[in-house]
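Trainee: Numbering (mature numbering (1 follows the signal peptide of the UniProt record, and there is no 0)), first residue to last: -21 to -1, 1 to 289. Cβ atoms here follow ideal geometry from the backbone N, Cα and C, with glycine treated the same way. Quick caveat: nothing in here was measured; it's all calculated off a predicted structure. Pasting in a structure now, in structure tokens, and then I'll have a few things to ask.
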Amino acid sequence: MRILIALAAALMVTGTTTAQAAAPAVLAAPNINVANVQSHLNQFQSIANSNGGNRAHGRPGYLASVNWVKSKLDAAGFTTRVQSFTYGGATGYNLIADYPGGDANNVVMLGGHLDSVTAGPGINDNGTGSASILEVALQMKATGFQPTKHVRFGWWGAEERGLIGSTYYVNSLTAADKSKIKAYLNFDMTGSPNPGYFVYSASGQPSGSLALQQRLQAGFTSLNVQTELTSVGGRSDHAAFARAGIPIGGTFTGAEGTKTAAQAQKWGGTAGQAYDRCYHRSCDTLSNVNATALDRNADVIAYALWATAA
């Protein structure tokens, strides 16, 4: 699905007016090939299979996941670094990847957690978000995208242990470095098998978050997909950024909550059933992913990044 971004969607988070904007009238975000995202998920499943069935904090499957994602980004010309931390008597890792160029004082950041729970391989939670932002990152290089803002990605460790990795990263930044991050977009579960199409609500979030909420909504609208707002609170890795006053946004296809009849009418799927019946269970495998939701969310991630960073 090719997505065209109108000028209004491409305005800066800080609220540049149409008259002030210097961007082209229309910018094209790439179509993200869902088969590529699924290929990354296959790799995460294979890593889990070879490492005791999971990719959890402190387990070999997690570090293997970090090393594999890093290798893909290194080959694409990103500047990567692995940040280590200790939690629960085990070493954890964040993977940070910077795309070359762009204004270093105006950073757009995308992230998602790479770890699973110990019960299973964590393919929907959160292989889907991790694989989707990886493919979007690779498409930046493949399409020759040259954003005016600096783009950074983060794959967080130990989210399932209490948002440990992302909190460690934000706390490690100086006040000046925090101020340079103008937007953080979080993608945690984007292919739930009985999916909803949720966008993080800007209500109660730092100033600038509403523009991100509306941009993500516009991305789904361009695909003729209705959305609902969700108040994710402190449930995922955006929380540390929000506490630091950084505008946040994100998408979510649902976890253990139950799909309503009205939602099933709007989105399809099964009313009265969880969005993800395998949430935090051993059955969160490759078969626990809705390809249509995965495809749509990957395209919206690209839409939002191209619009925000251009």
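Taking the alpha carbon of residue 46 as the reference point, which residue from 200, 26, 32 has its own alpha carbon closest?
Mentor: The residue with the shortest Cα to Cα distance from residue 46 is 26.
Trainee: If the criterion is Cβ atoms closer than 8 Å, does the pair residue 287 and residue 162 meet it?
Mentor: yes
Trainee: Residue range of the alpha helix (DSSP H) that residue 114 falls in?
Mentor: 108 to 122
Trainee: Could you tell me which uninterrupted beta strand (DSSP E) segments, each at least 3 residues in length, are contained entirely in the segment 5 to 73, listed from first to last along the chain?
Mentor: 5 to 8, 58 to 66
Trainee: Leaving out five residues on either side along the sequence, give the residues of the same chain with a beta carbon under 7 Å from the beta carbon of residue 118.
Mentor: Its chain contains 9, 11, 281 as the residues whose beta carbon lies nearer than 7 Å to that of residue 118, once the 5 sequence neighbours on both sides are disregarded; these appear in chain order.
Trainee: Going straight from the alpha carbon of residue 98 to that of residue 21, what length do you get?
Mentor: 18 Å
Trainee: How many angstroms separate the CA atom of residue 192 from the CA atom of residue 184?
Mentor: C-alpha separation (whole angstroms): 11 Å.
Trainee: Pull up the distance between the alpha-carbon of residue 76 and that of residue 133, whole angstroms please.
Mentor: 6 Å
Trainee: In this structure, does DSSP put residue 280 in helix, strand or coil?
Mentor: helix
Trainee: Could you pull out every residue in the same chain whose Cβ sits closer than 7 Å to the Cβ of residue 188, ignoring the five residues on either side in sequence?
Mentor: 181, 226, 227, 228
Trainee: In three-state DSSP terms, what is residue 128?
Mentor: strand
Trainee: Indicate whether residue 36 and residue 80 have their beta-carbon atoms separated by less than 8 Å.
Mentor: no
Trainee: Taking only the alpha-carbon atoms, compute the straight-line gap between residue 24 and residue 109 and give it to the nearest angstrom.
Mentor: 13 Å
Trainee: Roughly how many whole angstroms lie between the Cα atoms of residue 178 and residue 209?
Mentor: 6 Å
Trainee: Which residues in the same chain as residue -2 place their Cβ atom closer than 6 Å to its Cβ, once the five residues preceding and following it in sequence are excluded?
Mentor: In this prediction, residue -2 scores a pLDDT of 37, lower than 50, which makes its location untrustworthy; the coordinate-derived value is nonetheless stated afterwards. When the five nearest sequence neighbours on each side are left out, no beta carbon in the same chain lies closer than 6 Å to the beta carbon of residue -2.
Trainee: Measure the CB-CB distance between residue 126 and residue 263 and report whether it falls below 8 Å.
Mentor: no
Trainee: Helix, strand or coil: which one does DSSP assign to residue 290?
Mentor: Given that the chain is displayed from residue -21 to residue 289, the structure contains no residue 290 and the question cannot be resolved.
Trainee: Among the candidates 42, 103, 190, 141, whose CA atom is the shortest distance from the CA of residue 257?
Mentor: 103
Trainee: Cβ atoms of residue 87 and residue 284: under 8 Å apart, would you say?
Mentor: yes
Trainee: Give the range of the alpha helix (DSSP H) segment to which residue 147 is assigned.
Mentor: 143 to 151
Trainee: Using the beta-carbon count (16 or more within 10 Å), is residue 131 buried or exposed?
Mentor: buried
Trainee: Would you list the residues sitting across from residue 296 in a DSSP beta bridge?
Mentor: Nothing in the structure corresponds to residue 296, since the chain is present only between -21 and 289.
Trainee: Mapping DSSP to helix, strand and coil, what is residue 202?
Mentor: coil
Trainee: Using only the alpha-carbon positions, how far apart do residue 96 and residue 279 sit?
Mentor: 27 Å
Trainee: Assuming residue 33 contacts residue 147 under a Cβ cut-off of 8 Å, what Cβ separation, rounded to an integer in Å, is found between them?
Mentor: Contact flag wrong, Cβ pair sits at about 21 Å.
Trainee: Identify the continuous beta strand (DSSP E) that holds residue 208 and give its terminal residues.
Mentor: Counting along the chain, the beta strand (DSSP E) containing residue 208 begins and ends at 207 to 209.
Trainee: Helix or strand or just coil, what does DSSP make of residue 225?
Mentor: Residue 225 falls in the coil class under three-state DSSP.
Trainee: Looking at C-alpha atoms only, which residue of 169, 153, 217 is the closest neighbour of residue 255?
Mentor: 169
Trainee: Hey, quick one: how far does the beta strand (DSSP E) through residue 258 stretch, first residue to last?
Mentor: Here residue 258 belongs to no beta strand (DSSP E), and DSSP marks it neither H nor E.
Trainee: Where does the unbroken beta strand (DSSP E) through residue 78 begin, and where does it stop?
Mentor: Note, residue 78: premise wrong, no beta strand (DSSP E); not H, not E.
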